[in-house]
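Engineer: Going by numbering that gives the first Met the number 0, the residue at position 21 of the sequence shown is 20; the numbering climbs one at a time, nothing skipped. The beta-carbon is built from N, C-alpha and C at its ideal position, and this holds for glycine as well. Keep in mind the model is a prediction, meaning the values are calculated, not measured. What follows is a single structure, and I will ask about it in a moment.
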Amino acid sequence: MIEDKKIQVRISEIEVLTETICRYRFESLNKESLPAFSAGAHIEVDINDDFTRAYSLCSDPSDAHTYYDIAVKREELGRGGSKAFHQVAKVGGVFSISTPKNYFSLSDTAEHHLLIGAGIGLTPMIAMAHTLTAEHKDFTFIACASGLAGLPFSSQLSSRSWSTQLWLAGRASFHFADLLVNLPKQVHVYCCGPNGFLELVKEQCLASTSEPLPAEQWHEERFTATGVSANSDSFELYLRQSEQRIPVATGESMVEALHKAGIKVDTVCEQGICGSCLVAWSDGEPIHRDQCLEDTERDEYIALCCGGCNSQSLTLEL
């Protein structure tokens, strides 16, 4: 597994953003500087013995040495992590977090950056807007919600000198293709939000314009997977470092097989989004179903929670 140092932090501030979303500020427990992060990064928070969850950082990266901010939406029908966090997170509360990781970074070659977020999906966009402002780069910020009451960061958006547009009238107001017409050809689009929202924006940007946005200029971050199954035919895992051989049954995930064999592996989102279960592989034909790795990175790593195998065996660096 990719090694990850744990950091002890304390909640120093909580701000209610909407009826279901709160912003939490983490400061170092031992007063040491926190690791730097780049816009679009996330951290993994150990909530309790049952839940570890990944949350995007929404604070200004230039303040990273002092504090990290995250925003968490309480999902009543979710898998339980967000509800648990809202219940236990109090000012003064101590948590273990990972070092920041980034699978949703800003492009270095874009002439213009179009930031599009819906609801809690605005979280990484806030950090991006801070960075782009500091670097004097052109960007447009589109904040979408089903009404002002459901819009997080509303006070921050109104107080900043960012080029921000609020789209609060629902999907009927979404005209992202029209927006692209007036932006440079080398615009890069960054989108985060519910899957239905993401698919609509992606369709408008990549397929519905007279000059569709090139796929390499589209960047997305999802909070839930697109429903791809982790199932494969049976195969064998060879763990090179420990020289163990682990059978993976038909329809079983690699994580499940490893856990049955008593081998602990990190799994946070369990959907191939956060990257917590990435491990180096070799000698096999892996099936990649993650949403966190670039194609070139898949030549070296696989997400154990959702990946599969087309060959009889796959070697893992475990």
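What number of angstroms, rounded off, separates the C-alpha of PRO99 from the C-alpha of HIS41?
Structural biologist: So the alpha carbons of these two residues sit roughly 5 Å apart.
Engineer: Taking the alpha helix (DSSP H) that GLY192 belongs to, which residues open and close that run?
Structural biologist: That residue, GLY192, is in no alpha helix (DSSP H); its beta strand (DSSP E) goes 186-192.
Engineer: What are the partner residues of ARG52, as DSSP defines its beta bridges?
Structural biologist: Note: ARG52 sits in a beta bridge opposite VAL44.
Engineer: Among residues of its own chain, excluding the 5 on either side of GLN155, which ones have a beta-carbon nearer than 8 Å to its beta-carbon?
Structural biologist: Correct list, in chain order: ILE125.
Engineer: With a threshold of 6 Å on Cβ separation, who are the neighbours of ASP137 within its own chain once the five nearest residues in sequence on each side are excluded?
Structural biologist: For ASP137, where only same-chain residues beyond five positions count, the Cβ hits under 6 Å are HIS111.
Engineer: How many Å lie between ALA142 and GLU299 at the Cα?
Structural biologist: The straight-line gap from Cα to Cα measures roughly 36 Å.
Engineer: Could you spell out where the beta strand (DSSP E) holding ALA302 opens and where it closes?
Structural biologist: From DSSP, the beta strand (DSSP E) with ALA302 extends over 300-302.
Engineer: Leaving out five residues before and five after GLN164 in sequence, what residues of the same chain have Cβ atoms less than 8 Å from its Cβ?
Structural biologist: THR139, PHE140, ILE141, ALA142, listed in sequence order.
Engineer: Between the beta-carbon of ARG9 and the beta-carbon of VAL71, is there less than 7 Å?
Structural biologist: Result no, Cβ atoms of ARG9 and VAL71 do not sit closer than 7 Å.
Engineer: Could you say which of ASP282, LEU114, ALA214 lies nearest to LEU236 if we only look at CA atoms?
Structural biologist: Considering only alpha carbons, the answer is ASP282.
Engineer: Work out the CA separation of VAL87 and ARG73 for me, nearest whole Å.
Structural biologist: Those two C-alpha atoms are separated by around 12 Å.
Engineer: Buried or exposed for ILE13, please, with buried defined as at least 16 other CB atoms from any protein chain shown within 10 angstroms of its CB.
Structural biologist: Result: exposed.
Engineer: Distance check for GLY307 and ILE301, CA to CA, integer angstroms please.
Structural biologist: In a straight line, the C-alpha of ILE301 is about 9 Å away from that of GLY307.
Engineer: CA-CA distance, GLY226 and GLY271?
Structural biologist: Confidence at GLY226 is low in this model, with a pLDDT of 49, below 50, so its placement is unreliable and no value can be given for it.
Engineer: Closest to VAL15 by CA distance: which of ILE119, LEU199, LEU313, GLU242 is it?
Structural biologist: Checking every option, the nearest Cα to that of VAL15 belongs to ILE119.
Engineer: Quick one: Cα of ASP177 to Cα of GLU215, how far?
Structural biologist: Each residue's alpha carbon lies about 20 Å from the other.
Engineer: Between which two residues does the beta strand (DSSP E) holding THR163 run?
Structural biologist: Start and end: 163-166.
Engineer: Roughly how many angstroms separate the alpha carbons of SER58 and GLU26, rounded to a whole number?
Structural biologist: Answer to the nearest angstrom: the Cα atoms are 12 Å apart.
Engineer: From which residue to which residue does the beta strand (DSSP E) around PHE84 run?
Structural biologist: Note, PHE84: premise wrong, no beta strand (DSSP E); alpha helix (DSSP H) at 80-87.
Engineer: By the three-class DSSP mapping on this structure, what secondary structure does GLU219 have?
Structural biologist: Looking at GLU219 - three-state DSSP - the assignment turns out to be strand.
Engineer: State the Cα-Cα distance for the pair PHE234 and ILE245, rounded to the nearest angstrom.
Structural biologist: When rounded, the distance between both Cα atoms is 9 Å.
Engineer: Hey, out of SER241, CYS190, ALA148, whose CA is closest to THR19's CA?
Structural biologist: That would be ALA148, whose Cα lies nearest to the Cα of THR19.
Engineer: Can you check DSSP and say which residues form a bridge with SER95?
Structural biologist: In the DSSP output, where bridge partners are listed per residue, SER95 has GLN7, ASP45.
Engineer: Starting from PHE175, follow the alpha helix (DSSP H) in both directions and report where the run begins and ends.
Structural biologist: Residues 175-180.
Engineer: Is the separation between the beta-carbon of LEU105 and that of ALA38 shorter than 7 Å?
Structural biologist: Going by C-beta atoms, LEU105 is nearer than 7 Å to ALA38.
Engineer: Can you tell me which residues form a DSSP beta bridge with GLY116?
Structural biologist: Partner(s): ALA142, CYS191.
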